[in-house]
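Residue numbers (UniProt numbering): 1 to 269.
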């Protein structure tokens, strides 16, 4: 794990050995322990925010910088294992040769089910990824090699012929309809001429691939030179036994080590 951040070492976090038992003792109680949950959350936040992490998964390695890990913790809610909404953001993401500027995840209604092992539940989970134009163009090379796609600085999506990119382009809108992407032409541009197309111009329908863990693309929008993709899963659960939490914290507290989650692949992918 490569670290860049405000802390020179992690010795002040060495009393983490008790966190796993603290977590387990809080989670098995029907009333939980507000102080225990807050301690675990704030410690994890101090360990990851601002760090450059290499995360090993079964599908490859992700390198990213965690920029946000926040929740509006309420002591009354924590006493019954309720963490409310949790926001997690990352930047400078590299995965399997692809570069992404930013990704955010919002875990709604996060709570702990008292069980053995404890179960972390969020319903729903929303994840948004900012996809830069270079990645969009690479996807066109795979799906439709005769075309190129980009989003300009004014947040306008364009499609061009790959062989004659200077001839002109279509300005398009896009929307998600269930498992289908609708791409609707709005304006035809040929050199300096522009034609606004009729509102009834049919949309091009693209079947979306199946995403892991029941995620479904729910929103597509455009920003300056980027495409924002949001995927949602109605409910996500993760078993969090004390041993797993302790293992993750131990890895996070070590300098120069990657965070290996391959053993938890079914939970994280």
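The beta carbon of each residue, even a glycine, is placed where N, CA and C say it ideally should be.
Let me know if residue i comes out buried or exposed under the rule of 16 or more other beta-carbons within 10 Å of its beta-carbon.
| i | result |
| --- | --- |
| residue 88 | buried |
| residue 191 | exposed |
| residue 201 | exposed |
| residue 198 | exposed |
| residue 36 | buried |
| residue 118 | buried |
| residue 90 | buried |
| residue 245 | buried |
| residue 196 | exposed |
| residue 139 | exposed |
| residue 32 | For residue 32, the pLDDT reaches just 48, beneath the cut-off of 50, and the residue's location in the model is therefore unreliable, although a value from the coordinates is still provided. The residue in question, residue 32, is buried, as its Cβ has 16 or more Cβ neighbours within 10 Å. |
| residue 19 | With a pLDDT of 48 at residue 19, under the threshold of 50, the predicted position of this residue should be treated as unreliable, though the coordinate-derived value follows. With 16 or more Cβ atoms within 10 Å of its Cβ, residue 19 is classed as buried. |
| residue 193 | exposed |
| residue 150 | buried |
| residue 53 | buried |
| residue 30 | Legend: pLDDT at residue 30 = 45, less than 50; position of this residue unreliable, no value from coordinates given. |
Could you check whether residue j and residue i sit closer than 9 angstroms to each other, using their CB atoms as the reference points?
| i | j | result |
| --- | --- | --- |
| residue 115 | residue 79 | no |
| residue 75 | residue 103 | no |
| residue 85 | residue 106 | yes |
| residue 222 | residue 156 | yes |
| residue 182 | residue 205 | yes |
| residue 170 | residue 135 | no |
| residue 50 | residue 95 | no |
| residue 146 | residue 162 | yes |
| residue 189 | residue 166 | no |
| residue 274 | residue 164 | The chain is shown from 1 up to 269; residue 274 falls before or after that span and cannot be answered. |
| residue 131 | residue 40 | no |
Thinking just about the alpha-carbon of each residue, which of the options is nearest to the one in residue i?
| i | options | result |
| --- | --- | --- |
| residue 112 | 105, 82, 132, 134 | 82 |
| residue 179 | 169, 185, 151, 214 | 214 |
| residue 148 | 159, 154, 155 | 159 |
| residue 220 | 241, 129, 108, 100 | 129 |
| residue 63 | 248, 188, 93 | 93 |
| residue 225 | 172, 48, 240, 133 | 133 |
| residue 218 | 241, 71, 176 | 176 |
| residue 72 | 247, 153, 207, 109 | 109 |
message: Ignoring anything shorter than 3 residues, give me the beta strand (DSSP E) runs that lie fully in the region 35–109, in order along the chain.
response: 52–57, 60–71, 82–95
- request: Take every Cβ of the region 42–60, pair it with every Cβ of the region 243–254, and state whether three or more of those distances are shorter than 8 angstroms.
  value: yes
task: Could you say if the region 117–134 and the region 218–236 meet the contact criterion of at least three C-beta pairs nearer than 8 angstroms?
output: yes
message: Quick check on the DSSP output: what are the complete beta strand (DSSP E) runs of length 3 or more inside the region 216–252, in order along the chain?
response: 216–223, 226–233, 236–239
message: If we require 4 or more residues per run, which alpha helix (DSSP H) segments fall completely within the region 107–185?
response: 133–143
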